[in-house]
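*Asks:*
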Amino acid sequence: QESDGEYLYFTDVARHCVVKTTLEGREIWTLGQPGRLGDWNEPFNRPTSVAFAPDGDMYVSDGYGNVRVHQYDPRLKLIRSWGEKGTGPGQFSLVHHVWFDTRGGRQRLWVADRENNRIQIFTPSGEFIEEKTGLNRPNNVWVDREGVMYISELGAGLTILDAEDNLIQKIPGGPGREPGKITKPHGIWGDSHGALYVAEVEDGHRIQKFDRTA
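For the sequence shown, my numbering assigns the number 4 to the initial residue and increments by one for each residue that follows.
(1) Could you check how far apart the C-beta atoms of V98 and S128 are, in whole angstroms? I think they sit under 8 Å.
(2) Measuring straight from C-alpha to C-alpha, what distance separates L170 and A159?
(3) Could you have a look at R117 and say whether DSSP puts it in helix, strand or coil?
(4) If D147 and G183 are in contact, beta carbons under 8 Å, what's the gap, nearest whole angstrom?
(5) Report the residue ranges of all alpha helix (DSSP H) runs contained in full by the region 57-118; include only those spanning at least 4 residues, in chain order.
(6) Tell me S155's beta-bridge partners as DSSP assigns them.
(7) For the region 112-122 against the region 166-181, do three or more pairs of beta-carbon atoms, one drawn from each stretch, fall closer than 8 Å, so that the two count as touching?
(8) Does R117 pass the burial test, meaning 16 or more other C-beta atoms within 10 Å, or should it be called exposed?
(9) Would R71 be called buried (16 or more neighbouring beta carbons within 10 Å of its own) or exposed?
(10) For P182, name the three-state secondary structure that DSSP assigns.
(11) Counting contacts by CB-CB distance shorter than 9 Å, is P77 in contact with chain D?
(12) For the beta strand (DSSP E) containing S195, name the first residue and the last one.
(13) With distances taken from CA atoms, which of D58, L11, E156 is nearest R78?
(14) Quick one: give me the first and last residue of the beta strand (DSSP E) that A54 is part of.
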């Protein structure tokens, strides 16, 4: 939801671009050069996700090909990029998702560092704050209206944290396609009614909806 209407933002993995469209799919702008792989310092190489700060800055995880996070201003000017291959602070092994977290009046960028089995947390300017470990290939996060964070883990199930980042529950994943059983969760999101949607890949190969019960 923006001041002049509602829009969709996509990371186009195949074309190495970020795209803004109307809800009907009309393309408004494309960031990046379609079909051109960015090199180490240049976006994009199979980007994976976008997130927005309250001031309008946009963050892009880049992604399957690069190991970088890029920050743009509202005019789509590149402010900074950071990240390199490795396991230390600010280093990544598959940057899969970004989420700008404003809970509790804080401003923090959560970055799913999937193949390092962790989420790294940064300031808006890319300074490392801390990491969340004990995860199994975290893919995506989503935060509900009460500040509860849901983390999908490709190698496990779901991890649920409260508004202070304390563990509420771990929902294990595993083989099987029975309704309610989570297998290979990849994407996660919720709606205005509190329902949770989990997109499963590989053996899962489906989207499940979980209704809010309280």
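All residues carry an ideal CB built from backbone N, CA and C; glycine is no exception. Treat the numbers as computed from the prediction; the structure is a model and nothing was measured.
*Replies:* According to the data block:
(1) Rounded to whole angstroms, the Cβ separation of V98 and S128 is 17 Å, and the two are not in contact under 8 Å.
(2) When rounded, the distance between both Cα atoms is 15 Å.
(3) Here DSSP, grouped into helix, strand and coil, assigns R117 to helix.
(4) About 19 Å separates the two Cβ atoms, so there is no contact after all.
(5) For the region 57-118, not a single whole alpha helix (DSSP H) run of length 4 or above is found.
(6) Looking at the DSSP assignment, S155 forms a beta bridge with N143, L161.
(7) No, the region 112-122 is not in contact with the region 166-181.
(8) Counting Cβ neighbours within 10 Å, R117 comes out buried, since at least 16 surround it.
(9) Only buried fits R71, as 16 or more other CB atoms lie within 10 angstroms of its CB.
(10) P182 falls in the coil class under three-state DSSP.
(11) No chain D appears in the structure shown, which is made up of a single protein chain.
(12) DSSP places S195 in no beta strand (DSSP E); its state is neither H nor E.
(13) With distances taken between Cα atoms, R78 lies closest to D58.
(14) Following the DSSP letters along the chain, one finds A54 inside the beta strand (DSSP E) bounded by residues 50-55.
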